[in-house]
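Residue numbers (the working numbering), protein chains in the order written: chain A, -12 to 512; chain B, 1123 to 1367.
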Amino acid sequence: MSKQISRLVIVGGGTAGWLSAGVIAAEHAISKAGDQQENHFQLTLIESPDIKTIGVGEGTWPSMRTTLKKMGLSETDFIRECSASFKQGTEFAGWTTGENDNYTHPFTAPQGYSETNLAPHWQALQEGRPRFDQAVSPQSVLFDDSRAPKQISTPEYACAVNYGYHLDAAKFAEFLRKHCVEKLGVKHVKSNVIAVNSAENGDISSIETDSSGTIEGDLFIDCSGSRALLLGEHYNVPLRSKKQYLFNDTALAVQVPYANPDDPIASCTLSTAQSAGWIWDIGLPSRRGTGHVYSSAHNSEDKATAELLSYIERTAGAQAAADAEPRKINFDPGHRAEFWHKNCVAVGMSAGFIEPLEASALILVELSANMIAEQLPANREMMDIVAKRFNHKFLYRWDRIIDFLKLHYILNRRQDQYWRDHLDPSTIPESLQELIAMWKYQGPWHRDTNHTDEMFPSASFQYVLYGMNFETQPSTTTRRSDRVGREAAADLFQKNAKQRQQLQAAMPTNRELINKISTYGLQKI
Amino acid sequence: MSKYSLLSQSEHAKLRVITERSAAYGDNLMYAMTFPLEFRNIESCYPIFFAKDGESGQFYPLALFGFQRDENLYLNGSHWDATYMPLMVERNPFLIGFQQSPDIDNGEKRPVVSINVESPRVTEVETEAKSEALFTDSGEPSEYLQKSMENLQTIHRGHEQNKTFIAALLENDLLEGFNLDITLMDGSNNRLEGFYTINEEKLAGLEPETLGKLHEQGFLQAIYMVVASFSNVSGLIAKKNASLD
C-alpha cells in the first residue's frame, strides 16, 4: 500500500507560512500528543530565527474574511492586533493621461450584475455622465471621505458593502503564529535549515536543522520566500520571468506617519502613476505604508526616490519626507515553471512574485493553501495527480493575473517612454490582445468567465476598462433583449444613486469605527 | 430637544415636571431599555428582547411597546395601559451621570443627576396636565424628586447588571437574531427586524455546571423570564389589531 500523507512540514514563517499553516490546520485536525487515533496528522513549521520576513503584502481581498473566520479567529482581535483597517478597493490616479485623471475598482460588483449589464447603458449616456464606478456601484462614495464598509453594530465579518483589509504584515504573521501554535496545534520549530535530505524516489525525506535535529515529513511546503529553498535551490525548478509584459522589478518601500493621530484612514489602496511605475499608499490606523514600484530599465534609483519623496511631501508634509528612508527591494517579476514538484509545493514568494498592483500576493497564498487543504492527497500515489492539477490551476491563475495587471497599462495616453513601451503589442500577452480585440465589440460580461473559480470576475475588467474610458462599439444589431434592459438599467442607475446617499449618511469613518472596535469590539452575531 | 444641566436647587427651584403620559411628551416609544432587576415586573406586561446600541454595538435588553418607529401600543391618549411602568420611561426627564469628584481620591466617580431642561415635560408654571414640583417651598427636594432619584440609582445598578448579564449570555452563545412576521387582521404583513432573543435550543443544551453558574449570578431566572415574556407578543398583536379598527 502506498504511504499515507500525515506529516506536513512548512519551511518558512512569514505571512505565507503561517497563513498556510492556519488554513490547513483549520481543515485537518492535528492529532494531540498521546492521541490514540488511527489517523495521525501533524503539521510542523520551521522558522529561521535569523531571517527577517519581507512583509510587503499589506493589502488583502475580501476572501481574507472567510479565511480568518474559518480559522476560528475573531475579527475584533485581528483588527486590534494587526493594526488592520478596511480595504474596499483601489483608486488609480494618473494612469490614463497623467493629468488629474482617476478611477476606482471597488470590491462590490455593479448593480444588478447577475442579470443586467450596465456598461453599454452607461456608455450610451450623454457627456457629463458620472464616472463608471460612480454610476454603477455605490461603494466608491465611501472613498471620498474615508468611510467604513460597516457599522459598529454589524457583526464580525459581515458587511454593508464588500471589503478586505489593509494590515501590518509583521503583526499579522505574529497574530497567525500565536493562533496556529496555541489553538490549532501547529508545532513551531525555531531553527535554521542546513540541509535537505532526499529519498530514493527523489522526494524530500527530511529537513536537517541546526538546532532541532532532523525533521521528517510526507509533504513539504516551501514558504521560504523568493529564495525558494526547496523548490528553487533543492529542485532547481526555474523561475519564468514575465518582465517582457510587466517591466517593474524594483520597489522602494517606506512607512509614513500620520501628521495627526486622528487623520482619516483611507478606504482603498491609492495607486498613483509615476514616470516609470507607480506609488502605492496603504492607510493603517497607526501609519501609512507607501512605496514606489518601477522599472529599473526606465528609471534610475535616484529619480525614483525623488518621485517617492515628492509624493510623501505632498501627502504627509516636508518633515515626513525628510525623515523617510526607503528600503530597496529588487525582484524578478515572474513565477516558477511549476509549483508542486514531487512532494514539495511552493506557496508565497517562493512560487512567484509580481508587482503588488492588485494585491495578488496574499490571495494567491490563500488560494494555494485552500487547494492544498481541500485536496490533501491521502497517499503518495495520489500526490502526483493532485500536483498535476495544482500546477495546471495555478499556471492558469498566474496567466490571468498577468493579463489583468497588464490591462491597467495598455489603455494609457501618457507620453513617458515607459508608458509608451507598455503599448507595444510585443509586450502584451496574446490572450490579452484577443480579449481587447473582442471587447471593442462586446464588453466584458459573464460569458468571458471560463472557470467557476476565476480570480478576476468580468466586473473587475469592466471597472478598469471603462474607468480608463475604453470604448466598446454599440451592438450592430437591434437586440430584442435590450429593450427590457434599457428600462431596468435606468432603474438601477437610480437605485445606485440612492444607495450612495444612504451609505454616505449611515457609515461611520474608518477612524471612528476602528476607535469603537478598540473600545467595544464587534459582536459575533 | 435635549439639553441636560446638572440639577441644583438654586437653578431649578421653580421647575415642575409633568407626569402625565402622552406622545406630546415623548412617550410614543417603540421600546425602552430594561434591566434584569425589573424583569419580573416587565415580564408581566411586555415582551423582552435584545437590541444593539447604535453607538457602541453593545447588546441591551428592552421592553417592546410597538411594531414600528414611534408606535407605543400601550399608550392610549394620556393613559399608559399597563400595570408597570419601565424605569427607563419613568426616569424622564432626568438622567444619571458620573463626575470625577475632587473629594474622592481613588478615582471613583460620583453619580450626579441631570435634568433635560428642554424636555416638553419641564415647565415653570402649573399646567392643565398633572405636574409635580421638584423642590418644596423651603427648598428641600420634593417627594417626587426623591423618588425619581431613587429610580436613577436603581437604573445605575441596572446598567452595571446589564453588562455582566449580556456578557454571560454572549459567553454561552445564548443570543440569536430573529425576525417576527406578523399578519394583521387587515391582511397586511409586517416584519419586526433587528432584534435578538434567547436561543432556547442552546439554553436547553447547557451543562449543569454552566446552569449553576448562571443561577449563582442570578441570571438563570432572568433568562427564563425573557423566554416567558414572549407570550406578551400576542397581547401586543391584539392591541395592534384593535388599533386598526
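All C-beta atoms in this analysis are idealised placements derived from N, C-alpha and C, irrespective of residue type, glycine included.
Source: prediction; values computed, not measured.
{"Item": "Contacts that B/F1181 makes with chain A (C-beta to C-beta distance below 8 Å)", "Value": "Q510"}
{"Item": "Residue range of the unbroken alpha helix (DSSP H) whose run includes A/S347", "Value": "347 to 361"}
{"Item": "Status (buried if at least 16 other CB within 10 Å, exposed otherwise) for A/A524", "Value": "Residue 524 of chain A is absent from the model: chain A starts at -12 and stops at 512."}
{"Item": "Contact list for A/Y507 against chain B, beta-carbon separation under 7 Å", "Value": "S1178, G1179, Q1180"}
{"Item": "C-alpha distance - B/F1220 paired with B/E1165, whole-angstrom precision", "Value": "30 Å"}
{"Item": "Opposing strand residues paired with A/I(-3) [DSSP bridges]", "Value": "A/L32, A/I208"}
{"Item": "Candidates A/P49, A/L422, A/P97, A/S127, of which the one nearest A/M494 by Cα", "Value": "A/S127"}
{"Item": "Interfacial residues, the segment 1268 to 1301 of chain B to chain A, with Cβ spacing under 9 Å", "Value": "L1292, D1295, L1297, E1298, G1299"}
{"Item": "C-beta neighbour in chain A for B/Y1153, strict 9 Å", "Value": "no"}
{"Item": "Neighbourhood of A/Q486 by C-beta distance below 6 Å, restricted to the same chain and skipping five residues each side", "Value": "P125"}
{"Item": "Residues of the segment 121 to 151 of chain A with Cβ closer than 7 Å to any Cβ of chain B, in chain order", "Value": "I139, S140"}
{"Item": "B/I1304 (DSSP reduced to helix, strand or coil)", "Value": "strand"}
{"Item": "Environment of A/H27 [buried if 16+ CB atoms lie within 10 Å]", "Value": "exposed"}
{"Item": "Simplified DSSP assignment, three categories, for A/S445", "Value": "helix"}
{"Item": "Proximal residues of chain B, C-beta to C-beta of A/K158 below 7 Å", "Value": "The contacting residues do not exist; A/K158 stays about 24 Å from chain B at best."}
{"Item": "Residue-level contact to chain A via CB, B/K1174, 9 Å cutoff", "Value": "yes"}
{"Item": "Burial state of A/A13 (16 or more Cβ within 10 Å)", "Value": "buried"}
{"Item": "Three-state secondary structure (DSSP) of B/F1161", "Value": "helix"}
{"Item": "Per-residue DSSP class, three states only, for A/T237", "Value": "strand"}
{"Item": "Ordered list of alpha helix (DSSP H) runs contained in the segment 374 to 459 of chain A, each at least 4 residues", "Value": "404 to 410, 417 to 426, 445 to 454"}
{"Item": "Beta carbon proximity, A/K503 to chain C, threshold 9 Å", "Value": "Structure shown: chain C not included; protein chains present are A and B."}
{"Item": "Same chain only: Cβ atoms within 6 Å of B/N1284, ignoring 5 sequence neighbours per side", "Value": "F1157, Y1182"}
{"Item": "Beta-ladder partner(s) of A/E78, from DSSP", "Value": "A/T91, A/L257"}
{"Item": "Runs of beta strand (DSSP E) wholly within the segment 181 to 225 of chain A (minimum 3 residues, chain order)", "Value": "191 to 196, 201 to 203, 206 to 209"}
{"Item": "Supposed close pair A/C210, A/I(-3) - CB separation, criterion 8 Å", "Value": "6 Å"}
{"Item": "Whole runs of the alpha helix (DSSP H) within the segment 108 to 141 of chain A, excluding any shorter than 4 residues", "Value": "119 to 123, 128 to 131"}
{"Item": "Enclosing beta strand (DSSP E) for B/V1348 [first to last residue]", "Value": "Element bounds for B/V1348: not the beta strand (DSSP E) but the alpha helix (DSSP H), 1341 to 1351."}
{"Item": "Under 9 Å between C-beta atoms of A/L344 and A/L392", "Value": "yes"}
{"Item": "Helix, strand or coil at B/S1236 according to DSSP, with G and I counted as helix", "Value": "strand"}
{"Item": "Status (buried if at least 16 other CB within 10 Å, exposed otherwise) for B/M1307", "Value": "exposed"}
{"Item": "Sequence-distant residues of its chain with Cβ nearer than 6 Å to A/S198 (five each side left out)", "Value": "S178"}
{"Item": "Any 3 or more C-beta pairs closer than 8 Å across the segment 268 to 278 of chain A and the segment 242 to 251 of chain A", "Value": "yes"}
{"Item": "Whole-angstrom distance between A/S468 and A/R118, CA atom to CA atom", "Value": "25 Å"}
{"Item": "7 Å Cβ shell around B/T1249 - same chain, five flanking residues per side excluded", "Value": "I1140"}
{"Item": "Exposure label - A/S254; buried when at least 16 CB within 10 Å", "Value": "buried"}
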